[in-house]
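J.:
Residue numbers (mature numbering (1 follows the signal peptide of the UniProt record, and there is no 0)): -19 to -1, 1 to 507.
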């Protein structure tokens, strides 16, 4: 009998232990300037985490995660629903889970040579904390990785996988030390760490110089000769080799872009790795070389995305690609866009593109701050840059874009390395001398989407009434798997905003205040 009492007591203790809600590890704040917000510091022994979503009492409570200029970083709050909307609400939002739009693929960043150089300058424990921050259930759960094919500007040198002129059989093709020592190990670790399926997509900046009209990695140059000629076919075979070598290391790609920023190759004295394609040459290259070669060699399931350049080229680029060669559409599944000139053109071009090519997904493949001479490179603690990320992501997702990819996953304090001195900012900045990395506000901006809007989520209708302000933005999704509505709200203004959210059918409402210079993700179970 005493044994039975002892056994019951042990079971009760175990039950108590298992029911404990392990609290998040908070941000270790560091302020570099009073002009900006703070960064969160991680090292080999400490790194902040994100509270998981609570699946209890969901009929009575909703959850929200808030990031703000004033100091919050994905801070979780659990709040009670209200029975009616607040009469003094300035912004009234109503979602409809029955009105669906596009399905989401996910969010992530690029594993470049520069990212690998920085990450692998850290100790093993710090590296794992960085990978956990991006990919684990305690982090922001990225599920997309863009992989650069050979050298780019964010490399320490110029190189290709076959720099032997005239090697049309690619007999001397080989991956680089950057692949074997940095990119492949990182991707393998990310896949092992992530609770989600991690999708890889590849992008090339330049063919080997001997294949190009200008015999250089950079500048204005294209592939030599006619499309379907030996240079174009060798370039298609080069991609096949790349995918085959990565497959031998256990890595298979979800997608690829046909060329990074194909318009760069027509710019006089362009300063880093580039190669030009017109919509017509891209169309023929995919239809005659790339598409058939991928299928022939067992990589026909890799999705090909055209453009991979600024959205101001839409819908014209897509129209010219698909009208030029009647065979190309069967090989193309997506249209890739970059964010750099978004301010110059309305997002309605994305809608026009979707309306005309509804069977092709639109995917955002690159974004960063301070590209070229647009501003300073790294600004530690910049909240404005985080806000601009959130604004652009909401705008894209509200116009049929299916996912959003940041540029370099990690850079150094200068915004490099970059052989062309084209330094930019990153959500994670590595300080190798301190064996630490700094999470910028941009990191948390990405997390408001990547962690809570997983692959398979669907954008739903979100109507707004009341305050109209360019500094406010919002978008809504549903996740049928977890029975969740996910709402993301942004307030870039210096004034707080009272808001109310309802669905028009459940009799439940959220009444709250959207703090100045803040953004939040709201989880509403149904």
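Even for Gly, the Cβ is constructed at its ideal location relative to N, Cα and C.
Keep in mind the model is a prediction, meaning the values are calculated, not measured.
1) Cα separation between residue 459 and residue 80?
2) Are residue 390 and residue 100 closer than 9 Å when you measure CB to CB?
3) Kindly indicate if chain D contains any beta-carbon less than 9 Å away from that of residue 188.
4) Measure the C-alpha to C-alpha separation of residue 222 and residue 154 and round it to an integer number of angstroms.
5) If I'm right that residue 316 touches residue 337 with Cβ under 8 Å, what's the distance once you round it to whole angstroms?
6) Got a sec? Which residues, its chain only, sit under 6 Å from residue 260 by beta carbon, not counting five neighbours each side?
7) Report yes if the CB atom of residue 491 is closer than 9 Å to the CB atom of residue 465, and no otherwise.
8) List, from N- to C-terminal side, the alpha helix (DSSP H) runs of 4 residues or more that fit wholly inside the segment 58 to 131.
9) In terms of alpha-carbon separation, which member of 124, 427, 360 and 6 lies closest to residue 436?
10) Checking the sheet assignment: what are the DSSP bridge partners for residue 45?
11) Can you give me the C-alpha to C-alpha distance between residue 57 and residue 7, rounded to a whole angstrom?
12) For the structure I just gave you, are there three or more beta carbon pairs, one from the segment 404 to 419 and one from the segment 20 to 39, closer than 8 Å?
13) What does the Cβ neighbour count give for residue 393, buried or exposed, with the cut at 16 atoms within 10 Å?
14) For residue 311, does the count of other Cβ atoms within 10 angstroms reach 16, so buried, or fall short, so exposed?
15) How is residue 440 classed by DSSP in three states: helix, strand or coil?
16) Should residue 502 be labelled buried (16 or more other beta-carbon atoms within 10 Å of its own) or exposed?
17) Take the Cβ of residue 233 as the centre, count every other Cβ of all protein chains shown within 10 Å, and call the residue buried at 16 or more, exposed below.
18) Is residue 256 helix, strand or coil by DSSP?
19) Can you tell me which of 467, 475, 497 and 476 puts its alpha carbon nearest to the alpha carbon of residue 483?
20) Put residue 302 into one of helix, strand or coil per three-state DSSP.
21) Taking the alpha carbon of residue 283 as the reference point, which residue from 289, 105, 274 and 291 has its own alpha carbon closest?
22) Just curious, the beta strand (DSSP E) that residue 184 is in, first and last residue?
23) Report all residues from its chain with a CB closer than 7 Å to the CB of residue 507; omit the five preceding and five following residues, and keep chain order.
24) On the premise that residue 71 lies in contact with residue 479, defined as a C-beta separation below 8 Å, what is that separation, rounded to the nearest angstrom?
25) Do residue 307 and residue 73 have their C-beta atoms within less than 9 Å of each other?
26) What residue ranges within the segment 275 to 343 form continuous alpha helix (DSSP H) runs of no fewer than 4 residues, ordered along the chain?
27) Rounded to a whole number of angstroms, what is the C-alpha to C-alpha distance between residue 49 and residue 43?
28) Can you tell which of 62, 333, 329 and 183 has its C-alpha closest to the C-alpha of residue 127?
29) Mind checking residue 236: buried by the 16 CB within 10 Å criterion, or exposed?
30) Just tell me which of 75, 65, 51 and 13 has its CA closest to the CA of residue 447.
31) Measuring only from the beta carbon, is residue 287 closer than 8 Å to any heavy atom that is part of the ligand PLP?
32) Answer yes if the segment 137 to 151 comes into contact with the segment 215 to 230, meaning at least three C-beta pairs across the two stretches below 8 Å, and no otherwise.
33) To the nearest angstrom, how far is the alpha carbon of residue 362 from that of residue 40?
34) Rounded to a whole number of angstroms, what is the C-alpha to C-alpha distance between residue 14 and residue 358?
35) Taking its Cβ as the centre, do 16 or more other Cβ atoms sit within 10 Å of residue 495, making it buried, or is it exposed?
36) By the DSSP assignment, the beta strand (DSSP E) with residue 216 in it spans what residues?
T.: Inspection of the coordinates gives the following:
1) What you label residue 459 is simply residue 478 of the chain shown in a count that begins at 1. What you label residue 80 is simply residue 99 of the chain shown in a count that begins at 1. So the two alpha carbons sit approximately 10 Å from each other.
2) The sequence position of residue 390 within the chain shown is 409, counting from 1. The sequence position of residue 100 within the chain shown is 119, counting from 1. Yes; because the gap between Cβ atoms is below 9 Å, this pair is in contact.
3) Looking at the structure shown, chain D is missing, and only one protein chain is on hand.
4) As a position in the chain shown, residue 222 is number 241, starting the count at 1. As a position in the chain shown, residue 154 is number 173, starting the count at 1. Whole-angstrom Cα-Cα distance: 8 Å.
5) Along the chain shown, one-based indexing puts residue 316 at 335. Along the chain shown, one-based indexing puts residue 337 at 356. Contact flag wrong, Cβ pair sits at about 11 Å.
6) For the purposes of this step, residue 260 is taken as the residue at position 279 of the chain shown. Excluding positions up to five away in sequence, the list reads 298, 301 and 302.
7) Counted from its first residue, the chain shown places residue 491 at position 510. Counted from its first residue, the chain shown places residue 465 at position 484. Contact: no.
8) 94 to 100 and 105 to 116
9) Position 455 of the chain shown, counted from the start, is the residue given in the question as residue 436. Among 124, 427, 360 and 6, the Cα nearest to that of residue 436 is on 124.
10) Mapped onto the chain shown, residue 45 falls at position 64. DSSP lists 58 and 503 as partners of residue 45.
11) Position 76 of the chain shown, counted from the start, is the residue given in the question as residue 57. Position 26 of the chain shown, counted from the start, is the residue given in the question as residue 7. Distance between the alpha carbons of residue 57 and residue 7: 11 Å.
12) yes
13) The sequence position of residue 393 within the chain shown is 412, counting from 1. So residue 393 counts as buried.
14) Your numbering for residue 311 matches position 330 in the chain shown. So residue 311 counts as exposed.
15) Locating residue 440 in the chain shown gives position 459, counting from the first residue. Looking at residue 440 - three-state DSSP - the assignment turns out to be strand.
16) Along the chain shown, read from residue 1 onward, the residue named residue 502 stands at position 521. Buried, because 16 or more other Cβ atoms sit within 10 Å of the Cβ of residue 502.
17) If you number the chain shown from 1, residue 233 lands on position 252. When all chains shown are included, residue 233 counts as exposed.
18) Residue mapping note: residue 256 aligns to position 275 of the chain shown, counting from 1. If DSSP states are grouped into helix, strand and coil, residue 256 belongs with coil.
19) One-based indexing of the chain shown puts residue 483 at position 502. Of the candidates 467, 475, 497 and 476, the one whose C-alpha sits nearest the C-alpha of residue 483 is 467.
20) The sequence position of residue 302 within the chain shown is 321, counting from 1. Reduced to three states, the DSSP call for residue 302 is helix.
21) By 1-based counting over the chain shown, the position of residue 283 is 302. Cα-wise, what sits closest to residue 283 is 274.
22) Sequence index remark: in the chain shown, residue 184 carries index 203 (1-based). Run containing residue 184: 180 to 185, per the beta strand (DSSP E) assignment.
23) Walking along the chain shown from the start, residue 507 turns up at place 526. So the list reads 78, 464 and 466, once near-sequence residues are dropped.
24) Along the chain shown, read from residue 1 onward, the residue named residue 479 stands at position 498. Along the chain shown, read from residue 1 onward, the residue named residue 71 stands at position 90. Rounded, the Cβ-Cβ distance is 5 Å, consistent with contact.
25) Numbered from 1 along the chain shown, position 326 holds the residue referred to as residue 307. Numbered from 1 along the chain shown, position 92 holds the residue referred to as residue 73. No. Outside cutoff.
26) 297 to 305 and 329 to 337
27) The residue given as residue 49 occupies position 68 in the chain shown. The residue given as residue 43 occupies position 62 in the chain shown. Looking at the two C-alpha atoms, the distance is approximately 19 Å.
28) By 1-based counting over the chain shown, the position of residue 127 is 146. Checked all of 62, 333, 329 and 183; the closest Cα to residue 127 is 183.
29) Numbered from 1 along the chain shown, position 255 holds the residue referred to as residue 236. Buried, by the Cβ-count rule.
30) Here residue 447 corresponds to residue number 466 of the chain shown, with the count starting at 1. Comparing Cα positions, the closest option is 75.
31) As presented, the structure is devoid of all ligands, the ligand PLP included, so that no description of it is given.
32) yes
33) Indexing the chain shown from 1 puts residue 362 at position 381. Indexing the chain shown from 1 puts residue 40 at position 59. Going from the Cα of residue 362 to the Cα of residue 40 covers about 37 Å.
34) If you number the chain shown from 1, residue 14 lands on position 33. If you number the chain shown from 1, residue 358 lands on position 377. So the alpha carbons of these two residues sit roughly 15 Å apart.
35) Against the chain shown, residue 495 aligns to sequence position 514. Buried, because 16 or more other Cβ atoms sit within 10 Å of the Cβ of residue 495.
36) Numbered from 1 along the chain shown, position 235 holds the residue referred to as residue 216. Residue 216 -> not in any beta strand (DSSP E); alpha helix (DSSP H) instead, spanning 211 to 229.
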